[in-house]
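Each remark here refers to the structure printed beneath this line.
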Amino acid sequence: MNSEPIWVLGATRSGKTAYLVNQFRTWVQSGFGQHGELGKQRRGDLHRATEKAPLAPSSLRVSAPSLLCSATPEMPGVLVLAAIGDNRIELVDRLTAATQGKVSLHSTTPLGFFQSEVMLFWSLLIQQLDLKAQFPVRLAPENEQALAAQLWRSDLDRAIGQQASLTEVRLVRRLLDLLQLAALAGIPLADLPVMLEQGLAGQNDALPFPDADVGELLQRWQDWCLSQGLLTYGIIAGLYWQCLLPNPTYQQHLAQRYQIVLADDVDEYPAIARSLFDALLDAGATAIFTYNPDGAVRLGLGADPAYLAGLAERCRVEMLTDRPVDCLGNTLGETIVGVVTDPAFFVSLPEAIQTIQTISRAQLLHRTAEVIIEAVQTQQVQPNEIAVIAPGVDAIARYSLTELLAQHQIPVESLNDQRPLTSSPLIRALLTLLTLIYPGLGRLVDRDAVAEMLVVLSQQSAVSSQPLEPPLTPHPSPLTSSLI
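Counted from 1, the sequence shown has number 286 at position 287 by numbering that gives the first Met the number 0; the numbering is strictly sequential.
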């Protein structure tokens, strides 16, 4: 197996992930590198790193989890990274199917990896930062916001008093997001005031604090959280790249655990992920990275595609130019980009693109449904060949469009429909049922919820079970008896 890292470069739908899966399957079929150059190089690099790095304290060596040394030359550790959780699950499924489950994979997202590493090696951080010996607890975003508002109370009141258009919730969220973005970009808090002065000069509406005060507020928040053993995503990212990753003891364990890195869509990764990849490559690991030069969908949300692109200098570049499946980008990509980026670029759109213009959203939904219904009824297209892309559509618009199409027997399936579980009548019915089963919960339910429960569960029961003949002696259930 060739130990040279591979940089897979290509546009969307060009087969980058498929190349990653196929290449990894080839490595597995060749027996990784225990008889080749990878195993020899990795063991030699790890031995040299162990000789140079100081030994860990005896307390850490005794209490180190067994999983830290679980990888062996015959079965190297494999780290699988994806930008978001959904992509991670799909990638792991494809890798597992391709290798028939012969390899143990550690799959996660970059933020998830930083969090698990900080938690796992918290004892190192306690020693390095002289923290209180207590197990860390990660704060949920809503708790993070509430605690930060309490800590900054006097400063927030003064800023809001001077600028009435500000709201406390938005101001606190903006400060906390700034901390997280700085940590993901590898920017120390000490350098943040200077960067704010350069980037937000004269924009007092963005942050109604002097630049130096912003850095002081964030530093105070971080120090307070660490003293209490509380962690947020921003603090976790800062601890990882500033304190944990440069630690020689941690680098030894990192090199022992992972010898292969499979990172998909690295153009959506934060800048500090490159420091992680550099450390692993320096330790002798091999890797496959997939990169979309036209991606950057998470730019401004913590991703730094330009900085991650520098990894290509350490890899063998594989360029994928042809898309295995024909898509609109092949024929319409350049035209659409020209229309969007250059307002003075007037061009007639192809006949394949038709516009629908209305004066209200309700009319737009109805007109869209009419076009779909007409196309299906005239057999121009099948329902499973239609995709409605509506960024930011709310529940009312989704319901309206679904009902309009359902009236003409056109089934609709919502993809990536992120709604709370309680929005489902069946879930609400089950929660109401729990209040009637467990004691002390009766005050949490009202009569409308009970009525909805009876209607929903009776409908479900009628659909799911239809006995051939009624029972001779029906017995009421205990729940029915208690209600009577």
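Note that beta-carbon positions come from the ideal geometry of N, C-alpha and C, so glycine has one too.
Remember, predicted model here, so these are calculated numbers, not experimental data.
Tell me, to the nearest whole angstrom, how far the beta carbon of residue 199 is from that of residue 206; I am working on the premise that it is less than 8 Å.
-> 7 Å
Is it right to say residue 446 is buried, meaning 16 or more other beta carbons lie within 10 angstroms of its own, or is it exposed?
-> exposed
When 403, 355, 243 and 376 are compared against residue 118, the one with the closest alpha-carbon | 243
In the structure shown, what three-state DSSP assignment does residue 288 receive?
-> strand
Express the C-alpha separation of residue 121 and residue 421 in angstroms, rounding to a whole number.
-> 37 Å
In the DSSP assignment, find the unbroken beta strand (DSSP E) run with residue 517 in it and report its ends.
-> Given that the chain is displayed from residue 0 to residue 483, the structure contains no residue 517 and the question cannot be resolved.
So, helix, strand or coil for residue 9, using DSSP?
-> For residue 9, the secondary structure class from DSSP, reduced to helix, strand or coil, is strand.
Exposed or buried, which one is residue 394 when buried takes at least 16 other CB atoms within 10 Å?
-> exposed
Would residue 398 be called buried (16 or more neighbouring beta carbons within 10 Å of its own) or exposed?
-> exposed
Cβ separation of residue 8 and residue 267, assumed to be a contact under 8 Å, to the nearest whole Å | In fact, because the Cβ distance is near 15 Å, the residues do not count as touching under 8 Å.
How many Å lie between residue 132 and residue 241 at the Cα?
-> 20 Å
Hey, out of 310, 337 and 392, whose CA is closest to residue 364's CA?
-> 392
Consult DSSP for residue 108 and reduce its assignment to one of helix, strand or coil.
-> coil
Is residue 109 closer than 7 Å to residue 272 when the C-beta atoms are compared?
-> yes
Closest by CA to residue 265, which one among 256, 190, 275 and 164?
-> 275
Considering residue 78, what are the terminal residues of the alpha helix (DSSP H) in which it resides?
-> Run containing residue 78: none in the alpha helix (DSSP H); it sits in the beta strand (DSSP E), 77–80.
Could you please give the first and the last residue of the uninterrupted alpha helix (DSSP H) stretch that includes residue 130?
-> It is not in any alpha helix (DSSP H) - residue 130 carries neither H nor E in the DSSP assignment.
Three-state secondary structure (DSSP) of residue 371 = Assignment of residue 371 by DSSP, reduced to helix, strand and coil, places it in the helix class.
Residue from 143, 310, 179 and 297 whose Cα sits closest to the Cα of residue 278 = 310
Mind checking who residue 409 pairs with in its DSSP beta bridge?
-> Paired residue(s): none; residue 409 is not in a bridge.
Length of the line joining the Cα atoms of residue 35 and residue 78 | Residue placement at residue 35 is poorly supported in this model, since its pLDDT is 40, which falls under 50; the coordinates still yield a value, given next. Between residue 35 and residue 78, the C-alpha separation is close to 20 Å.
Does the count of Cβ pairs from the segment 302–309 and the segment 324–336 closer than 8 Å reach three?
-> A contact between stretches requires three or more CB pairs, one per stretch, nearer than 8 Å, and the segment 302–309 fails this requirement with the segment 324–336.
Same chain, Cβ closer than 8 Å to residue 22, five either side skipped, listed in chain order | 5 and 287
Neighbourhood of residue 262 by C-beta, 6 Å cutoff - its chain only, sequence neighbours within 5 removed | Here residue 262 has 80 and 288 as same chain residues with Cβ atoms under 6 Å from its own Cβ, once five neighbours each way along the sequence are excluded.
Return the CA-CA distance between residue 380 and residue 415, expressed in angstroms with no decimal places.
-> When rounded, the separation of the alpha-carbon atoms in residue 380 and residue 415 is 23 Å.
Give a yes or no on whether the C-beta atoms belonging to residue 183 and residue 236 are separated by under 7 Å.
-> yes
Terminal residues of the continuous alpha helix (DSSP H) containing residue 389?
-> Residue 389 -> no alpha helix (DSSP H), and no H or E assigned at all.
So, do the segment 130–146 and the segment 250–262 have three or more beta carbon pairs nearer to each other than 8 Å?
-> Contact between the segment 130–146 and the segment 250–262 is absent, because fewer than three Cβ pairs lie under 8 Å.
Since I believe residue 360 is in contact with residue 386 (beta carbons under 8 Å), could you give me their beta-carbon distance rounded to a whole number of angstroms?
-> Not quite, the Cβ-Cβ distance comes to about 20 Å (not below 8 Å), so this is no contact.
Cβ separation of residue 141 and residue 231, assumed to be a contact under 8 Å, to the nearest whole Å = Not a contact, Cβ separation roughly 12 Å.
Residue span of the alpha helix (DSSP H) that contains residue 148, given as start and end | 140–150
beta-carbon residue 126 near the ligand MN non-hydrogen atom, thresh 6 Å = The ligand MN is not part of this structure, which contains no ligands at all.
When the Cα atoms are used, what is the spatial distance from residue 156 to residue 417?
-> 35 Å
Touch check for the segment 312–330 and the segment 9–21: three-plus C-beta pairs under 8 Å?
-> yes
If you draw a straight line from the alpha carbon of residue 3 to that of residue 153, how long is it in whole angstroms?
-> Cα to Cα, the separation comes out at about 56 Å.
Spatial neighbours of residue 221 within its chain, please: CB distance less than 6 Å, with the 5 preceding and 5 following residues excluded, ordered by chain position.
-> 234
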